[in-house]
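A quick write-up on the structure given underneath.
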Amino acid sequence: DTEVTQTPKHLVMGMTNKKSLKCEQHMGHRAMYWYKQKAKKPPELMFVYSYEKLSINESVPSRFSPECPNSSLLNLHLHALQPEDSALYLCASSQRGGGASTEAFFGQGTRLTVV
Amino acid sequence: LAKTTQPISMDSYEGQEVNITCSHNNIATNDYITWYQQFPSQGPRFIIQGYKTKVTNEVASLFIPADRKSSTLSLPRVSLSDTAVYYCLVGDWGITGGGNKLTFGTGTQLKVEL
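If you read the sequences in order, they're chains A and B. FYI, the numbering for the first sequence is 4 to 118, going by the working numbering. FYI, the numbering for the second sequence is 664 to 777, going by the working numbering.
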């Protein structure tokens, strides 16, 4: 199984709502990532978890709250978002092996629309 | 962090070989060069990765000169379905002490026509 599964695929939420994005992988990867991608732009790194601990936060606003409950699961909790937060949210995972770098696997993303 | 520079766009025709070059002048000793392909509204997909010289797999080749300050992705005999954005990333996806701050550059939009 070389898949990273993201749910939901699409999400529409109001600015006062609270919602969560979910990401799951069963490849034994111990690094997991959240990226945000606006139309016609490259993915922007938001958070990195390494061994279930937050290791990188790219100065993301607090209305985005990541959580890594276990080594297979990564959540992104959303609260009081703004319309400009509408984007494709991508999850990825990777695992180092034996002195060589390895590829990262990306999910298909969650298309988020804030109204 | 190693910054990458790629052409914004390239055009080609079906059956042609396409070479996309990426410049990464401040690549670090431990960094690998990885290329991803992305179709609209999908997650990036791994194409190929290398450290030095030449790497080939079933879909592409990656050429890396001795100084490693640039790399070239070669796609043989492209088809319409190869129309996508191609990203060059430089860094280490593996887990080290503090995590991995891998960032995407602007990417190259490849358009393949009949």
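For every residue, glycine included, the Cβ atom is placed at its ideal position computed from N, Cα and C.
Legend entry - N- and C-terminal bounds of the beta strand (DSSP E) containing A90(A): Segment 90-97, the beta strand (DSSP E) holding A90(A).
Legend entry - Through-space distance from E27(A) to G768(B), alpha-carbon basis: 26 Å
Legend entry - Beta-carbon gap between M18(A) and Q85(A) smaller than 8 Å: yes
Legend entry - Cross-strand partners of H80(A) (DSSP beta bridge): S23(A), S68(A)
Legend entry - is_contact[T697(B), chain A] using C-beta, thresh 8 Å: yes
Legend entry - is_contact[G678(B), chain A] using C-beta, thresh 8 Å: no
Legend entry - Environment of T692(B) [buried if 16+ CB atoms lie within 10 Å]: exposed
Inset, instruction - Express the C-alpha separation of E61(A) and D730(B) in angstroms, rounding to a whole number. - result: 31 Å
Legend entry - Under 7 Å from the C-beta of P119(A): neighbouring residues of chain B: It is not possible to answer for residue 119(A), since the shown part of chain A is limited to 4 through 118.
Legend entry - Residue-chain proximity (G762(B), chain A), Cβ-Cβ < 8 Å: Its pLDDT being 49, under 50, G762(B) is placed unreliably in this model, and the value from its coordinates should be taken loosely. Yes, because at least one Cβ of chain A sits closer than 8 Å to the Cβ of G762(B).
Inset, instruction - Using three-state DSSP, classify G102(A) as helix, strand or coil. - result: Because G102(A) carries a pLDDT of 44, less than 50, the predicted location of this residue cannot be relied on, and no value is offered for it.
Inset, instruction - Look at the alpha carbon of E70(A) and the alpha carbon of E680(B), and state the distance between them as a whole number of angstroms. - result: 44 Å
Inset, instruction - Compute the Euclidean distance between the alpha carbons of I690(B) and S733(B), then round it to the nearest angstrom. - result: The straight-line gap separating the alpha-carbon atoms of I690(B) and S733(B) is approximately 9 Å.
Inset, instruction - Compare the C-beta of G110(A) against all C-beta atoms of chain B and say whether one is closer than 8 Å. - result: yes
Inset, instruction - Below 6 Å CB to CB, which residues in the same chain sit around Q712(B) once its five sequence neighbours on both sides are set aside? - result: Y695, T697
Legend entry - Interface partners of E6(A) on chain B, CB under 9 Å: In chain order: nothing, as chain B lies at least about 11 Å away.
Inset, instruction - Classify G112(A) as buried or exposed, calling it buried when 16 or more other Cβ atoms lie within 10 Å of its own Cβ. - result: By the neighbour-count criterion, in which a residue is buried when 16 or more other Cβ atoms sit within 10 angstroms of its Cβ, G112(A) is buried.
Legend entry - DSSP beta-bridge partners of R114(A): H13(A), L91(A)
Inset, instruction - Within the same chain, show all residues whose beta-carbon is closer than 8 Å to that of L725(B), passing over the 5 residues directly before and after it, in chain order. - result: Listed in chain order, the non-local C-beta contacts of L725(B) below 8 Å within the same chain comprise I696, W698, I711, Q712, G713, K717, V718, T719, S734, T735, L736, S737, local neighbours out to five positions each way being set aside.
Inset, instruction - Note down the Cα distance separating T8(A) from W37(A), rounded to an integer number of angstroms. - result: 13 Å
Inset, instruction - Please classify D730(B): does DSSP put it in a helix, a strand, or coil? - result: Of the three classes helix, strand and coil, the one that applies to D730(B) here is coil, per DSSP.
Inset, instruction - Report yes if the C-beta distance between P45(A) and G770(B) is below 8 Å; otherwise report no. - result: Yes; because the gap between Cβ atoms is below 8 Å, this pair is in contact.
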